[in-house]
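Heads up, the thing below is written out as structure tokens.
Residue numbers (this note's numbering): 7 to 165.
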């Protein structure tokens, strides 16, 4: 085993956030910009392109997506827990992720993607969704060898 479980969690979280960015893009950046102003969040920046969404803290983005109706309060709470796991993996800590916890992380994120994709303004991006789902079944995770930027490029290819 290459024992890159923590970096895999970080990469998976990055993919999930990028997925939310694309759902927001489908929803409409102008609509989202107006929505953010109406919610009076701490975010004061301008949203003109998808990459401007990176200026919004992940915690706030999770909240805003729930407010938009992407998912309910229960999923928001679970995603907040996933964010905490991601943050623990990103910083020096005693946290140890087992391969089974990692498989669970992958499977649950895939399930949340599927739930969000069932919204009427979106479609399931089946090729990439199936790839991630298949990876959750693999005993040795080769997924963790791929860098985040390469994962993002792979994700962009399927949009």
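No residue lacks a Cβ here, since even glycine has one placed at the ideal position from N, Cα and C.
Inter-residue spacing [alpha-carbon to alpha-carbon] between residue 122 and residue 104: Position 116 of the chain shown holds residue 122. Position 98 of the chain shown holds residue 104. Taking the straight line from one Cα to the other gives about 27 Å.
Cutoff 8 Å; reference residue 81; Cβ partners in own chain excluding five residues on either side: Looking up residue 81 in the chain shown gives position 75. For residue 81, the CB contacts under 8 Å within the same chain, skipping 5 residues up- and downstream, are 72, 118 and 121 in chain order.
Through-space distance from residue 94 to residue 68, alpha-carbon basis: Counting from 1 along the chain shown, the entry for residue 68 is found at position 62. Counting from 1 along the chain shown, the entry for residue 94 is found at position 88. When only Cα atoms are considered, residue 68 and residue 94 end up about 18 Å apart.
Residue 112 versus residue 34: straight-line alpha-carbon distance, rounded: As a position in the chain shown, residue 112 is number 106, starting the count at 1. As a position in the chain shown, residue 34 is number 28, starting the count at 1. Near 28 Å, if we compare the C-alpha coordinates of residue 34 and residue 112.
DSSP three-state assignment for residue 102, whether helix, strand or coil: In the chain shown, residue 102 corresponds to position 96, counting from 1. In this structure, residue 102 counts as coil in the three-state DSSP scheme.
8 Å contact criterion, which residue 64 and residue 89 should meet: CB distance rounded: Stepping through the chain shown from its first residue, residue 64 is reached at position 58. Stepping through the chain shown from its first residue, residue 89 is reached at position 83. Confirmed, Cβ separation roughly 5 Å.
For residue 78, the three-state DSSP class (helix, strand or coil): Here the question's residue 78 lines up with position 72 in the chain shown. Reduced to three states, the DSSP call for residue 78 is coil.
Coarse secondary structure for residue 53, derived from DSSP in three states: Along the chain shown, one-based indexing puts residue 53 at 47. It is coil, neither helix nor strand.
Helix, strand or coil at residue 124 [DSSP, three-state]: As a position in the chain shown, residue 124 is number 118, starting the count at 1. Here residue 124 sits in coil by DSSP.
Proximity of residue 52 and residue 39 at Cβ, strictly below 9 Å: Counting from one through the chain shown, the residue named residue 52 turns up at place 46. Counting from one through the chain shown, the residue named residue 39 turns up at place 33. Contact: yes.
Opening and closing residue of the alpha helix (DSSP H) in which residue 35 lies: In the chain shown, counting from the first residue as 1, residue 35 sits at position 29. Start and end: 35–45.
Close beta carbons around residue 55, own chain, < 8 Å, minus the five adjacent residues each side: As a position in the chain shown, residue 55 is number 49, starting the count at 1. Correct list, in chain order: 35.
Neighbourhood of residue 30 by C-beta, 7 Å cutoff - its chain only, sequence neighbours within 5 removed: Translated into positions along the chain shown, residue 30 becomes position 24. Only 38 and 59 meet the Cβ criterion.
DSSP state of residue 63 mapped onto helix, strand, coil: Counting from 1 along the chain shown, the entry for residue 63 is found at position 57. Of the three classes helix, strand and coil, the one that applies to residue 63 here is coil, per DSSP.
Same chain, Cβ closer than 8 Å to residue 45, neighbours up to 5 away in sequence not counted: What you label residue 45 is simply residue 39 of the chain shown in a count that begins at 1. Taken in chain order, the residues that qualify are 70 and 73.
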